[in-house]
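Numbering (full-length UniProt numbering), first residue to last: 1 to 253.
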């Protein structure tokens, strides 16, 4: 059995991949790469919206009829959501102003969040929030904010706050050492282990365990990336953090 350092064994999780040899890619470089992507409105998430009319005018009506795997979905407002690496995204957002969706926060705000959590954050995560942005970018649905009340222009609801989600999860039995990072679709969530070595990032299925069967949240773990650093580098390099999950799963099928 593979044992993972998240308070107790989780038999449904896979053994984390070894930390890559990053060489000169230190944390300063990582922060710069994260900032470059987070401040680009076409690349701050895994996908971006582009008007269908603009694509048709520039590339022709057959452009979206081609066999392609970078179309995510179509919106009711006349847009198509494309993967961030698509050519149309790069061209459409080439002249858009750069800047974070939510500005970076002061160290005092991080300390306030840490007091509510009752644990210190890893230094790398502190730097992300104080030097890149207060969430609003990143893998999947994007990193949650560390402060409350952030609302993107045109949205009806505030952006998720990691501390508020953490406090809610605690009432549902989620371990105190797991900090919410981002939603992963349906009932999936990305969490950060605040206590394990190298701070692994955990993929957790909130509906993946049943307390009446004697299970606990550890039975909802589906995957672990070996460190926060690895997880962020994957995204900063233009990758999809789900690829490791899917590759790991296929290796066991």
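The beta-carbon is built from N, C-alpha and C at its ideal position, and this holds for glycine as well. In this text, all values refer to a predicted model and were calculated from it rather than measured experimentally.
- With contact defined as three or more Cβ pairs closer than 8 Å, the region 109–117 and the region 75–83 are not in contact.
- As DSSP reads the structure, residue 205 sits in a beta bridge with 188.
- Distance from the CA of residue 144 to the CA of residue 161, rounded to the nearest whole angstrom, comes to 5 Å.
- The closest CA to that of residue 69, considering only 62, 60, 83, is found on 83.
- Residues of the same chain with a CB within less than 7 Å of the CB of residue 195, apart from the 5 flanking positions on each side, are 177 in chain order.
- The distance from the Cβ of residue 102 to that of residue 45 is about 13 Å, inconsistent with a contact at the 8 Å cut-off.
- By the criterion of at least three beta-carbon pairs nearer than 8 Å, the region 219–226 is in contact with the region 200–209.
- DSSP places residue 225 inside the beta strand (DSSP E), whose first and last residues are 221–225.
- Judged by beta-carbon spacing, residue 158 lies beyond the 8 Å limit of residue 147, meaning their Cβ atoms are not closer than that value.
- Taking C-alpha positions only, residue 163 is separated from residue 100 by approximately 20 Å.
- Rounded to the nearest whole angstrom, the CA to CA distance from residue 228 to residue 181 is 10 Å.
- Residue 110 is not a Cβ neighbour of residue 98, given a cutoff of 8 Å.
- Residue state for residue 233 is assigned as helix, using DSSP reduced to three classes.
- In the structure shown, the three-state DSSP call for residue 182 is strand.
- Shown here for residue 73: same chain residues with a beta carbon closer than 7 Å to its own, the five before and five after excluded, namely 81 in chain order.
- When DSSP reads this structure, residue 145 sits in a beta bridge with 161.
- Nearest in C-alpha terms to residue 132, of all of 43, 118, 37, is 37.
- Between residue 52 and residue 41, the alpha-carbon positions lie close to 18 Å from each other.
- Per DSSP, the unbroken beta strand (DSSP E) holding residue 49 starts and ends at 47–51.
- Assignment of alpha helix (DSSP H) within the region 27–75, counting only whole runs of 4 or more residues, yields 27–38, 52–59 in chain order.
- Cβ neighbours of residue 205 within its own chain (closer than 7 Å, five residues either side excluded): 187, 188, 220, 222.
- Residue burial is scored here from C-beta neighbours: residue 49 has at least 16 other C-beta atoms within 10 angstroms and is therefore classed as buried.
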